[in-house]
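Numbering (my numbering), first residue to last: 11 to 238.
Quick reminder that beta carbons are idealized off the backbone N, C-alpha and C, glycines included.
No experiment lies behind these values; they were computed from the predicted model shown.
Read through the structure below, which is laid out as structure tokens, and then see the notes.
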């Protein structure tokens, strides 16, 4: 897979020859310096951008063959996104933020609210369902974002520096929650620049200049991270 911006002498390759697979129950950490293509990779994996060449396949579905409506449905039903800046809607309560994708997908209010409360309970925030984002801590906001990412049984979780705005203790809590969701059967991709966060993953992929330059499974992760 490649991703190129511009043409001719001014063309910039954000990704070049990137090819890897993420299985259910597996968390893959993507590491690399700024500008290495980490966020571009995550954006393409989530169907938010189209690669210049190559293909993204999610549960047997080729994203290039999906209409915009089908892609939107796939993202609502199968993909969960967790961002560094939370991306919560400030005028909605925690519960309303969590269930918004379900409501957009046509779930009844009763079913959506039950699923949303279960998702909040899974991240330890059952008592914050009616709180607004501005009334809870940053760590709690990120946990709401994780609940939104997993509600409805999403099977691929994409996390872009999800602990960047959090203190170390809260950040580790968020990563443990992400790890638990993957252990429950989801696939996960974690973009991070922190070696201690990558240690939560089953596999580490290291990008430089848009290319995969190294890769290691958990049993070899310490060696890979020490070399960086």
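Distance cut-off 6 Å: residue i Cβ against heavy atoms of the ligand SAH
i: residue 202; result: The model on display carries no ligand, and the ligand SAH is accordingly not part of it.
Inter-residue spacing [alpha-carbon to alpha-carbon] between residue i and residue j
i: residue 17; j: residue 82; result: 29 Å
i: residue 39; j: residue 189; result: 11 Å
i: residue 75; j: residue 66; result: 10 Å
i: residue 57; j: residue 73; result: 7 Å
i: residue 107; j: residue 113; result: 10 Å
i: residue 15; j: residue 178; result: 36 Å
i: residue 137; j: residue 129; result: 12 Å
i: residue 92; j: residue 174; result: 11 Å
i: residue 144; j: residue 19; result: 47 Å
i: residue 105; j: residue 21; result: 44 Å
i: residue 71; j: residue 63; result: 17 Å
i: residue 80; j: residue 45; result: 31 Å
i: residue 43; j: residue 31; result: 22 Å
i: residue 216; j: residue 202; result: 10 Å
i: residue 224; j: residue 139; result: 42 Å
i: residue 11; j: residue 132; result: 36 Å
i: residue 206; j: residue 59; result: 29 Å
Residue of the options minimising C-alpha distance to residue i
i: residue 213; options: 147, 200, 169; result: 200
i: residue 29; options: 44, 36, 61, 43; result: 61
i: residue 141; options: 187, 223, 94, 103; result: 103
i: residue 242; options: 223, 53, 33, 52; result: In the structure as shown, the chain begins at 11 and stops at 238. Residue 242 is therefore absent and cannot be evaluated.
i: residue 134; options: 89, 186, 116; result: 186
i: residue 53; options: 206, 176, 24, 147; result: 24
i: residue 197; options: 78, 226, 68; result: 68
i: residue 157; options: 109, 78, 227, 225; result: 109
i: residue 115; options: 88, 131, 132, 139; result: 88
i: residue 147; options: 78, 132, 176; result: 176
i: residue 55; options: 84, 35, 204; result: 84
DSSP state of residue i mapped onto helix, strand, coil
i: residue 156; result: helix
i: residue 13; result: strand
i: residue 225; result: strand
i: residue 75; result: helix
i: residue 58; result: coil
i: residue 235; result: Any reading at residue 235 must be qualified, since the residue scores a pLDDT of 47, below 50, and its modelled position is unreliable; no value is offered.
i: residue 230; result: Only weak support exists for where residue 230 lies, its pLDDT of 46 falling under 50; the coordinates are left without a value.
i: residue 170; result: strand
i: residue 199; result: strand
i: residue 46; result: coil
i: residue 81; result: helix
i: residue 141; result: coil
i: residue 92; result: strand
i: residue 53; result: helix
i: residue 218; result: strand
i: residue 133; result: coil
Sub-7 Å separation of residue i and residue j beta-carbons
i: residue 154; j: residue 172; result: no
i: residue 160; j: residue 37; result: no
i: residue 221; j: residue 26; result: yes
i: residue 111; j: residue 127; result: no
i: residue 41; j: residue 211; result: no
i: residue 125; j: residue 181; result: no
i: residue 50; j: residue 13; result: yes
### Query
With contact counted as at least three CB pairs below 8 Å, one residue from each stretch, are the segment 167-181 and the segment 116-128 in contact?
Contact fails: fewer than three Cβ-Cβ distances are below 8 Å.
### Touching by the beta-carbon criterion (3+ pairs, under 8 Å), the segment 94-107 and the segment 132-152
Judged by Cβ distances under 8 Å, the segment 94-107 makes contact with the segment 132-152, as three or more pairs qualify.
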